[in-house]
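Chains as they are written, first to last, in my numbering: chain A, 177 to 548; chain F, 177 to 548. We put the CB at the ideal spot given by N, CA and C, even for glycine. Written below as structure tokens is the structure these notes are about.
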DNA sequence: ACTCTCCATGTAATCGATTCCAATCAGGGC
DNA sequence: GCCCTGATTGGAATCGATTACATGGAGAGT
């Protein structure tokens, strides 16, 4: 592979002139420039990014450590991050933590060793040594989605509290009184926040949240299934279950089906995180949608601001309730829905019903959709 | 950030001794070793991977360019690749081409510039200049999922021909005679292969494949929707549609629903690529499952073999038909299904029905599943 | 015509590691 | 007691770029 020396020799100039030409330095004569460019062409020269990084101490690379690539929410977050980063001249290395703290640490370590310019983390657990080390290190860090209390680091995330309250109101309006939740790990902010928002929503309606109605999950499908199994084994099972992420909702749905029960006739189900598939599940799932793309873009902009020495502020965007049929709402007239995934304006909005029609709130009771 | 020089100074030895200690070179005295290790500890020294790569000409990094991260098939492929690579001491940089050739080229270029040790590509289009350049370059390349005819590069992929034939037999057995397909771009092997397998399956049953029953798609949901729209506008619409990937199936489902039609009563639907969500769509979708994990692992092993100078062979694993209800099969008794995604043994197997029970082949006619 | 600028260019240091080669030192064999 | 061998160790080259500094020459100003 040709190096800058080869190019210099071929063009009859010094390596300095080659470097200057390629980096657009002003004082290079037209003659030298054309000869260099010709040599570059002839030798198919490409600068060695490794050598360049060593010298300039910049890799033009961002690290992104996410909790679980198989979760469509994080996948689309990752896509948005990569998109925005590329637009701004950066590459992204994704590390998948699979919700395992030690894997998360492994990735942070590796990324730091590679001298990435900045790090985006969605911490799988609250207080891993490596996360703290990263924050103390000179490498700029921005947290996405989940954050760590007590650290002075910009956080880009969605606030789901209003949407969770909307959901509780929705369930209450449909006549549900025994509401349960399948949570994520308490060590994640998204885990604990969603429970507390749910609890405060319930208390606004004077409803209790008994311990037995709190299923401990880990954001993976299997844990959602187990939690639902336990709910169903209760002497008095809940009438509605809120899963704190989409994979646990999938697992819960599995468990419900395994028991031969129907949604929403026998039990209502709703999820945090909206994904395109929820439109086509049986039944379509009511969910809380996060502005994924906006979050990813904002996170990258904040990180690059810090890399370039500009100040970066935390960003919080609202999440939004998307009502479908899984809680007992009468089926809206079938109509096309955009395929680009859950639409999500950056401005706050109240709960929306899928079809865009007005939402007949308060129409309680099971929905007899089985009559065609 | 502490460098090897700082460590050497702190330990009172030369940089050579530090390097030898850290790389496990035998001739380092116990005294020097402990002092070096203590200095490393004290300074929280971490070797600079960039400098190391420059010197050793190894980055211990693989590049993976996939066609679309938002497609669950590629996501799980990427996960398997990362998993296996990590186990073997490599990191992975993922480039998402979004099915756009120019983006694919951008990523290949960037990865090559970073001097990754090897490249895994699932080519978004047949003949991009950068793919060819990569193949000619000294960097080992292995193709995954899709391949490029006429290139001497190892290919790791699934062969779906048998499964497609099984699918046609399944549809035929259920009484379907007007079968249509929504294909991927003809420039991808997976695009053209799936059509030709479908066509040959049809001809085995003496069925035609009229031009109007071939919908041109691009592996994205929106194209699946458009193709289905066109089918439904035909004077004689098909009775069963086979989508060549899961996203186009999602789009097709959208279109069907928008027209107020039901699956499978009004039209049957099947897809290539099985994903966990297909169990819970309405109705559960019959699909052809690829052994994603195995593919990812095999691809990494082949690539690393080439990196280490060993020969690598192409690998072809069988895909498998998973029967659910979307083609009119009577509903199997509800039962739990493993959550780990479509189970996929590496050994060939005939079509399976979801519940694990034997499959009542030949039970033709639309399935009146609406009676609970 | 002389000097002062300024432009174009080259030389060489530098980034942080690895590694070849030579030097030093201790111990064993004679 | 001397030399040889082998274990440790340090010095310095190297990877491929960027860039500070030095230099040479051309053109302008007086």
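Short of 6 Å from the beta carbon of residue 214 of chain F, and not among the five residues preceding or following it, lies no beta carbon of its own chain. In this chain, the alpha helix (DSSP H) harbouring residue 407 of chain F covers 397–409. In the three-state DSSP reduction, residue 364 of chain F falls in the coil class, being neither helix nor strand. Residue pairing by DSSP places residue 496 of chain A opposite A:465 in a beta bridge. Any Cβ of chain F closer than 8 Å to the Cβ of residue 494 of chain A would place that residue at the interface, and such an atom is absent. Exposure of residue 410 of chain F is indicated by the presence of fewer than 16 other C-beta atoms within 10 angstroms of its C-beta. Using a CB distance cut-off of 8 Å, residue 323 of chain F does not count as an interface residue toward chain A. Interface annotation, residue 177 of chain F: in contact with chain A, CB-CB separation under 8 Å. Within the region 233–317 of chain F, the runs of alpha helix (DSSP H) at least 4 residues long that lie entirely inside it are, in chain order, 248–263, 277–289, 305–312. Assignment of alpha helix (DSSP H) within the region 422–491 of chain A, counting only whole runs of 4 or more residues, yields 422–434, 468–483 in chain order.
Look at residue 230 of chain F here: in three-state DSSP terms it is helix. Annotated as proximal: residue 463 of chain A and residue 498 of chain A, with beta-carbon spacing under 8 Å. Residue-level contact by beta carbon holds for residue 290 of chain A and chain F, with a gap shorter than 8 Å. For residue 314 of chain A, the chain F residues whose C-beta falls within less than 9 Å of its own C-beta are 177, listed in chain order. Following the DSSP letters along the chain, one finds residue 345 of chain F inside the alpha helix (DSSP H) bounded by residues 337–349. Taken atom to atom, the span from the alpha-carbon of residue 322 of chain A to that of residue 441 of chain A is near 34 Å. The criterion of a C-beta distance shorter than 8 Å is satisfied by residue 318 of chain A and residue 330 of chain A. Exposure of residue 303 of chain A is indicated by the presence of fewer than 16 other C-beta atoms within 10 angstroms of its C-beta. Cβ neighbours of residue 381 of chain A within its own chain (closer than 7 Å, five residues either side excluded): 344, 348.
Taking 8 Å as the CB threshold, residue 254 of chain A lines the interface with chain F. When secondary structure is reduced to three states using DSSP, residue 388 of chain F falls in the helix class. According to DSSP, residue 320 of chain F shares a beta bridge with F:332. Comparing alpha-carbon positions, the option among F:402, F:397, F:412 lying closest to residue 355 of chain F turns out to be F:412. Residue 355 of chain F: member of the beta strand (DSSP E) spanning 355–359, first to last residue.
For the set F:300, F:267, F:313, F:268, the Cα lying nearest the Cα of residue 288 of chain F is the one of F:313. Taking a contact as a CB-CB distance under 8 Å, the pair residue 373 of chain A and residue 337 of chain A counts as one, their CB atoms being some 4 Å apart. Counting along the chain, no beta strand (DSSP E) covers residue 178 of chain A, and no H or E run does either. DSSP, reduced to helix, strand and coil, places residue 373 of chain A within a helical segment of the structure shown. Relative to the Cα of residue 218 of chain F, the nearest Cα in the group F:292, F:177, F:300, F:424 belongs to F:177.
Under the 8 Å criterion on CB atoms, residue 186 of chain F is classed as non-interfacial with respect to chain A. Residue 416 of chain F is bridged by DSSP to F:355, F:444.
By the 16-neighbour rule on beta-carbons within 10 angstroms, residue 201 of chain F is exposed. Against residue 311 of chain F, chain A offers no close residue; the least beta-carbon distance is about 14 Å (beta-carbon pairs closer than 7 Å).
The region 490–497 of chain A makes contact with the region 465–472 of chain A; the number of CB pairs closer than 8 Å reaches 3 or more. In the same chain as residue 368 of chain F, and ignoring 5 residues on each side of it, the C-beta atoms closer than 6 Å to its own belong to 362, in chain order. Against chain F, the CB of residue 459 of chain A has a partner CB under 8 Å away; the residue lies at that interface.
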